[in-house]
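Residue numbers (our numbering): 86 to 307.
Written out below as structure tokens is the structure these notes cover.
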């Protein structure tokens, strides 16, 4: 099996993690394929120590499995994993919104709304992805509940590459942008019930889009 070579040179541990994570998500590695420390160290121009630490982090995040005498085996997220992650995330974000609703700053919300409204209609996947991440993180962090924030951030880290890929579809970007504006309007009015309903619907739609991407990836890669 030939392993992908990214480019020569020295990478930070975070860059190595992100690159391998993305390669797993995009199907460049097959399920149960072994990730060889020595080859990865050569590809990234680093020693085996940061590679070993990255593989351990990927194992904690459920992307690989460390098997004695075999090393790290690719274990990409499945549709069932996506369903579970989104279901847990939905409940946690709605709980965060309960705590955050009266702490949200109206000027910050208006600024977010203005930024989202100004996103161009074409070639906007980067801006749309960043605004999505910023809105969700602002709601979560405004809960001021440290453990809740940590739990949601762990789930967001697992999903970040799927979410970025999804924004390359103009229709998805348009839908998500509209949903964000509706959520922000409800937050500005302090309408907790409506905001929670819109947020739940938004996450459900995001789950469906992610599952669609996963299905197509599995279909294409066999």
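By construction, the Cβ of each residue, glycine as well, lies at the ideal position given by its N, Cα and C atoms.
For residue 263, no beta strand (DSSP E) encloses it; the enclosing alpha helix (DSSP H) starts and ends at 255-273. Contact annotation: the region 149-156 does not touch the region 184-198, with fewer than three C-beta pairs closer than 8 angstroms. The residue among 161, 275, 266, 235 with its C-alpha nearest the C-alpha of residue 196 is 266.
By the Cβ neighbour-count rule, residue 203 is exposed, with fewer than 16 other Cβ atoms within 10 Å of its own.
Between the beta-carbon of residue 288 and that of residue 178 there is about 7 angstroms, and that keeps the pair under the 8 angstroms contact cut.
With contacts defined as CB atoms closer than 8 angstroms, residue 234 and residue 225 qualify as a contacting pair.
The Cβ-Cβ distance between residue 118 and residue 156 does not fall below 8 angstroms. When DSSP reads this structure, residue 156 sits in a beta bridge with 152.
Under the criterion of beta carbons closer than 8 angstroms, residue 116 and residue 161 qualify as touching, at roughly 6 angstroms. Apart from sequence neighbours up to five positions away, the residues of its chain that approach residue 285 with a beta-carbon distance below 7 angstroms are 175, 179, ordered along the chain. Judged by DSSP secondary structure, residue 129 falls within the alpha helix (DSSP H) whose first and last residues are 122-129.
The Cβ-Cβ distance between residue 170 and residue 262 does not fall below 8 angstroms. In chain order, 164 place their CB closer than 8 angstroms to the CB of residue 300, counting only its own chain and leaving out the 5 sequence neighbours on each side. Residue burial annotation: residue 136 is buried, with at least 16 other C-beta atoms found within 10 angstroms of its C-beta. Secondary-structure assignment with DSSP links residue 119 through a beta bridge to 158. Note on geometry: alpha-carbon atoms of residue 243 and residue 268 lie some 23 angstroms from one another.
Restricting attention to 297, 236, 231, the CA atom closest to the CA of residue 254 is found in 297. The C-alpha of residue 236 lies about 11 angstroms from the C-alpha of residue 181.
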